[in-house]
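Written below as structure tokens is the structure these notes are about.
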Amino acid sequence: MTGQEKSITVKTPDEIRIMLAANQIVAGVLDLLRKQIRSGQTTMLLDRWAEQYCRDHGAEPAFKGYRGFPGSLCVSINEQVVHGIPSKKVYLHDGDVVSIDFGVLYQGFYGDAALTIPVGAVSPEKEKLLRVTAESLDLAIAQVQVGNRVADISRAVQEHVENNGFSVVRQFVGHGIGTSLHESPEVPNYVQKGKSSPRIVEGMVLAIEPMVNAGTYKVKVLADDWTVVTADGRPSAHFEHSVAATADGPLVLSALRSGND
Ligand code: MG
3 MTGQEKSITV KTPDEIRIML AANQIVAGVL DLLRKQIRSG QTTMLLDRWA EQYCRDHGAE
63 PAFKGYRGFP GSLCVSINEQ VVHGIPSKKV YLHDGDVVSI DFGVLYQGFY GDAALTIPVG
123 AVSPEKEKLL RVTAESLDLA IAQVQVGNRV ADISRAVQEH VENNGFSVVR QFVGHGIGTS
183 LHESPEVPNY VQKGKSSPRI VEGMVLAIEP MVNAGTYKVK VLADDWTVVT ADGRPSAHFE
243 HSVAATADGP LVLSALRSGN D
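All residue numbers for the sequence shown refer to our numbering, where the first residue is 3 and numbers rise by one.
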């Protein structure tokens, strides 16, 4: 999702602790769904589980009602890239890859993360797509170093993805996150040549979210005004973490901590 541009905010250590708690609720949701997901379930069932877990942990689902989005969870299957709407009529099948993206509002701060899950056995192409996208996120996170630029994150994703024969979506990008779900700066998954890129400073929190297509990078939005699909119908994957820049390097707020499962 893209959002309103604001100036870049930096968070205090206390604020980052709250954002860690918010993102651990997100991580708990994604881990629950990863373990429970099966062929034959509806995407609405996943939405119900996610919202219940979120509310049981004292948080509000951040996407519900955001610009009119009807669900709590974005569920995007196969050629769907992001922003799929949960439905009682859409069933999961063996061989699908399912991208789930969840956000919470907790004590005034947002958490946001995503991952793509295989249902049963999936094709070798889909398996590679998921692996390369997850790897590109890890490489991107390693660039969250004070003194680097946001473009270093973008470059890490783009190089790894394109070296593996896949493409990165241009039309949707990662973002700053804090007391708003979408803050500055934008975090593209490709290098914007000739455009200046913000310096990473201590206390900056970024939602880094490579969206990677097996075929063309081009996407379109379906008639429901939300669901983003690949232009060529080939599969797509999406992995996201919320990451704080600290003096000691990247702190991945949405990585599940032991004891929280
Ligand atoms: Mg996001």
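For glycine and all other residues, C-beta sits at the position ideal for the given N, C-alpha and C.
Look up asparagine 215 in the DSSP assignment and give the residues it is bridged to. Ser169, Ser238
Taking 8 Å as the threshold (C-beta atoms), are glutamate 188 and isoleucine 179 in contact? no
DSSP has histidine 243 in a bridge; who is on the other side? Ile210
Classify valine 28 as helix, strand or coil using the three-state DSSP reduction. helix
Apart from the five residues on each side of it in sequence, which residues of its chain come closer than 6 Å, Cβ to Cβ, to valine 146? Val245, Ala247, Pro252
Within the continuous alpha helix (DSSP H) that includes glutamate 129, where are the two ends? 126-144
Buried or exposed, going by whether 16 or more other CB atoms sit within 10 Å of the CB of arginine 201? exposed
If we call anything under 8 Å between Cβ atoms a contact, is glycine 113 one with serine 41? no
Can leucine 75 and isoleucine 39 be called in contact, C-beta distance under 8 Å? no
Report yes if the C-beta distance between alanine 142 and leucine 107 is below 8 Å; otherwise report no. no
Residue burial classification, arginine 259 (beta-carbon count within 10 angstroms, cutoff 16): exposed
Residues in the same chain with beta-carbon distance under 6 Å from glutamine 6, minus the five sequence neighbours each way, listed in chain order, please. Residue confidence is low: glutamine 6 scores 46 on pLDDT, short of 50, so the model does not pin down where it sits. Its coordinate-derived value is still stated next. Excluding positions up to five away in sequence, the list is empty.
Just checking histidine 177 against the ligand MG - is the residue's beta carbon closer than 7 Å to any of the ligand's heavy atoms? yes
Straight-line CA distance for leucine 208 to threonine 44? 31 Å
For glycine 5, which three-state DSSP category applies? In this predicted model, glycine 5 has a pLDDT of only 47, less than 50, meaning its place in the structure is not dependable; the value taken from the coordinates is given anyway. Of the three classes helix, strand and coil, the one that applies to glycine 5 here is coil, per DSSP.
Sorry if obvious, but does the Cβ on glutamate 188 come closer than 7 Å to a heavy atom of the ligand MG? no
CB phenylalanine 168 to CB asparagine 215, shorter than 8 Å? yes
On the criterion of 16 or more Cβ atoms from any shown chain inside 10 Å, does glutamate 129 qualify as buried, or is it exposed? exposed
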